[in-house]
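A quick write-up on the structure given underneath.
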Amino acid sequence: MAKQQADAILHKIYRILKGENFVLRFKRGLSCYGMLIEDWEQMIIDPFSGEFIETCIHECLHMVYPEADETLIIKLEKYLIKHLTDRQVANFLKRIAKLIGGD
Ligand SMILES: [Zn+2]
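The opening residue of the sequence shown carries number 9 in the numbering used here; numbering runs sequentially from there.
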């Protein structure tokens with residue numbers, strides 16, 4: 009059951025990441041681990057935050073559930089981290105990698 013729920017959330021994330029203009033950029037020294045800017049079409053992540061995957065998932069969840077407050081997003085993030093299979097994490101990272109843009 010948990011796997012299917014994690015899968016369902018992941019597919020919502022994938023639907024958003026498929027947006028034509030969506031870009032992920034790396035930036036060191038952010039005041040936080042990651043953020044969404046420019047009408048949420050850009051995700052900026054500090055690649056050295058030490059919580060790279062968690063941060064990517066977290067910011068994606070904000071896009072999937074724009075009404076959700078930070079507490080719920082963190083709850084969902086922890087749920088996903090706990091229940092995603094290794095294969096799901098690998099696939100997530102592959103999709104994220106495709107979105108990485110330069111300056
Ligand atoms: Zn947040």
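We treat Cβ as the ideally placed atom computed from N, Cα and C, and that holds for glycine.
List the residues that DSSP assigns as beta-bridge partners of Gln-50.
Translated into positions along the sequence shown, residue 50 becomes position 42. According to DSSP, which records beta bridges pairwise, Gln-50 is partnered with Val-31 and Ile-45.
If you count every other CB in all the chains shown that lies within 10 Å of the CB of Leu-18, and 16 or more means buried, which is it?
Counted from its first residue, the sequence shown places residue 18 at position 10. By the neighbour-count rule (16 or more Cβ atoms within 10 Å), Leu-18 is buried.
Alpha-carbon spacing of Glu-62 relative to Thr-79, whole angstroms:
Looking up residue 62 in the sequence shown gives position 54. Looking up residue 79 in the sequence shown gives position 71. So the two alpha carbons sit approximately 15 Å from each other.
Run the proximity test for Ile-81: is its beta-carbon closer than 6 Å to any non-hydrogen atom belonging to ligand 1?
Along the sequence shown, read from residue 1 onward, the residue named residue 81 stands at position 73. Ile-81 Cβ: within cutoff of ligand 1.
Can you grab the Cα-Cα spacing for the pair Ala-76 / Ile-52, in whole Å?
Here residue 76 refers to the residue found at position 68 of the sequence shown. Here residue 52 refers to the residue found at position 44 of the sequence shown. Roughly 20 Å between the two C-alpha positions.
For the alpha helix (DSSP H) that contains Ile-24, what are its first and last residues?
By one-based count along the sequence shown, residue 24 stands at place 16. It spans 10-25 - the alpha helix (DSSP H) in which Ile-24 sits, taken as one unbroken run.
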